[in-house]
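Notes for the one structure printed next.
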């Protein structure tokens with residue numbers, strides 16, 4: 006049995022509808038959403054001054070974690086994933102300090118955490134590029150030190166393995 010051809014009368018409207026739908030999707034689809042950094046209100050946190058801290062001063066601070074959660078969702082989740090669970094575009098930030106977790110020596114663990122804090126702050130401040138391609142934009146001048154450290158405080162609540 007020969008298949009019935011699609012009625013010629015309907016082919017053109019269907020093709021137009023498909024073309025319109027494709028154009029609409031192409032014009033509105035953005036792989037990472039709006040990537041314009043969003044301001045973070047940190048006025049309720051102790052202000053840290055101009056000099057960058059070497060370690061997270063807001064570690065385990067409930068107010069900083071609340072602010073950091075919102076700041077992360079506004080500025081980081083589009084690449085690093087909701088609740089810091091990466092979908093593969095960028096590193097999974099729940100694993101940021103996994104190397105420190107297994108250390109038994111308290112001094113070595115503290116040094117590891119300090120090194121990760123430094124790595125985190127420098128990465129967020131200056132961004133990451135490889136072979137001229139921007140893998141993470143710099144946020145210094147957009148996010149304050151208080152905002153960046155509050156995001157780190159939030160991320161510490163999302164660890165896969167607790168310290």
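Residue numbers (this note's numbering): 6 to 168.
Quick reminder that beta carbons are idealized off the backbone N, C-alpha and C, glycines included.
None of these values were measured; they are calculated from a predicted model.
Beta-carbon spacing of residue i, residue j below 9 Å
i, j, result
"residue 139", "residue 132", "yes"
"residue 70", "residue 46", "no"
"residue 44", "residue 156", "no"
"residue 57", "residue 126", "yes"
Helix, strand or coil at residue i [DSSP, three-state]
i, result
"residue 130", "helix"
"residue 138", "strand"
"residue 60", "coil"
"residue 50", "coil"
"residue 160", "helix"
"residue 76", "helix"
"residue 109", "coil"
"residue 118", "helix"
Residue i to residue j span [Cα, whole Å]
i, j, result
"residue 60", "residue 119", "6 Å"
"residue 96", "residue 84", "9 Å"
"residue 79", "residue 154", "15 Å"
"residue 117", "residue 105", "6 Å"
"residue 92", "residue 134", "20 Å"
"residue 151", "residue 87", "21 Å"
"residue 53", "residue 62", "9 Å"
"residue 112", "residue 123", "17 Å"
"residue 98", "residue 89", "5 Å"
"residue 81", "residue 110", "32 Å"
"residue 137", "residue 160", "28 Å"
Rounded distance between the beta-carbons of residue j and residue i, thought under 8 Å
i, j, result
"residue 158", "residue 100", "At roughly 17 Å, the Cβ-Cβ gap does not stay under 8 Å, so residue 158 and residue 100 are not in contact."
"residue 42", "residue 148", "7 Å"
"residue 102", "residue 164", "7 Å"
"residue 143", "residue 130", "6 Å"
For residue i: DSSP bridge partner residues
i, result
"residue 145", "148"
is_contact[residue i, chain B] using C-beta, thresh 9 Å
i, result
"residue 49", "Here chain B cannot be found, since the structure has a single protein chain."
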